[in-house]
Amino acid sequence: MKTRITELFGIKHPIIQGGMHYVGFAEMAAAVSNAGGLGIITGLTQKTAADLANEIARCKDMTDKPFGVNLTFLPVVDQPDYPGMVKAIIEGGVKVVETAGNNPQSVLPFLKDAGIKVIHKCTAVRHALKAQAIGCDAVSVDGFECGGHPGEDDIPNFILLPRAADELDIPFVASGGMADGRSLVAALALGADGINMGTRFIATKEAPVHENVKQALLAASELDTRLIMRPFRNTERVLTNAAVEQLLEKERTLGKDITFEDIAPEVAGVYPRILAEGEMDAGAWSCGMVAGLIHDIPTCQELIDRIMAQANDIIHGRLLKLAD
Ligand SMILES: Cc1cc2nc3c(=O)[nH]c(=O)nc-3n(C[C@H](O)[C@H](O)[C@H](O)COP(=O)(O)O)c2cc1C
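Under our numbering, the first residue of the sequence shown is numbered 8, with each subsequent residue one higher.
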């Protein structure tokens, strides 16, 4: 299947693995890229620019296919070493960068000068248009269903994607709630050029996370995510657990007086404990509603091949018959 996204990134299938904190290591990105999609290393999971350079080198040892690096711009006081990370990306010969979290203007000229393609992830059409205006090559449009940060507009993909298609000239992928061939065909029908998946890729054999995390996804249904940090306008969709319910209780009782310190025990520094150590109640971790569609732990190759086969069956079978 050729789309504007497969052409832009030089990949076989229009399927991207979005950057994921403490999931997007070299093993994850290489497995997705080797399976014909676009794997992405999460820049900020690496503590320093030198660590990121090393992770990029490790990924190159595992795949000769294109892969990307995610740079997330966070609302934090102590800014990560973005210039150092950009240098590591350019010197590492990375061909694609996925930016997210905020306007990527500060890094864009350096990436573009190095010939790197930039896909910006956004949750609103106005942000997608801004990304297009400043020179991003593509956008990833993240609907309200998504795992992680869905923004504050709460627009699900059935509305957001056709709105994006109506407004954008650059190619875009549908992100949030994507799991299988049905998702891909639906995304294409709504105007997207491919899909971006986060949560679904965590439940794969190669995902470098604790087995407890994969089992938690198998056990979860579409009813099991919660939205936290709404009072901070930094909403995150996470899998519910004891810590998340405790956090939500604090948000309810403290109301407008709540501060970040109040919820720090449930959110600060918990990712390695959960994703690497498998301490499933240690705190809040991003997870999409798509958990309800995850019932097995295939390899990335099996997952991507299955998505493409199912999409082809739907297009050439059911849809073609309906069109007669
Ligand atoms: C565990 C986890 C961690 C994530 N971390 C990041 C991140 O660090 N930066 C980012 O841009 N997106 C992050 N995301 C969002 C994904 O890249 C992707 O946009 C999202 O998962 C898509 O929704 P889905 O989970 O329904 O597929 C994360 C998602 C998950 C599930």
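Ideal Cβ placement from N, Cα and C applies to all residues, glycine included.
Cut-off 8 Å between Cβ atoms - residues of its own chain near LYS124, not counting five sequence neighbours on either side | For LYS124, where only same-chain residues beyond five positions count, the Cβ hits under 8 Å are LEU15, PHE16, LYS102, VAL103, VAL104, ASP144, ALA145.
Is ARG65 helix, strand or coil by DSSP?
-> Here ARG65 sits in helix by DSSP.
So what's GLU105 in DSSP terms, helix, strand or just coil?
-> Note: GLU105 maps to strand in three-state DSSP.
Could you say which of ILE141, ARG133, ALA135, LYS128 lies nearest to HIS156 if we only look at CA atoms?
-> HIS156 has its Cα closest to that of LYS128, out of ILE141, ARG133, ALA135, LYS128.
GLY75 lies in the beta strand (DSSP E); which residues open and close that run?
-> In this chain, the beta strand (DSSP E) harbouring GLY75 covers 74–79.
Exposed unless 16 or more other CB atoms sit within 10 angstroms - verdict on HIS20 | Buried is the call here.
Measure from the C-beta of GLY290 to each C-beta in chain C and report whether the shortest distance is under 7 Å.
-> Annotation note: the requested chain C is absent from the structure, which comprises a single protein chain.
Exposed or buried, what is ALA64 when buried is set at 16 or more other beta-carbons lying within 10 Å of its beta-carbon?
-> It counts as exposed.
Strand pairing of ILE22, partner residues [DSSP] = The partner list for ILE22 (beta bridge, DSSP) reads ILE202.
Curious, which full-length beta strand (DSSP E) runs of at least 3 residues does the stretch 177–237 contain?
-> Entirely contained in the stretch 177–237, the beta strand (DSSP E) runs reaching 3 residues are, in chain order, 179–182, 202–204, 232–235.
From ARG337 to GLY183, what does the alpha carbon distance come to, in whole angstroms?
-> Residue 337 is absent from the structure shown; the chain starts at 8 and stops at 331.
Roughly how many angstroms lie between the CA atoms of GLU309 and LYS263, to the nearest whole one?
-> Put simply, the backbone Cα of GLU309 is about 47 Å away from that of LYS263.
Check whether the Cβ of ASP149 sits closer than 6 Å to any heavy atom of ligand 1, and report yes or no.
-> The answer is yes for ASP149.
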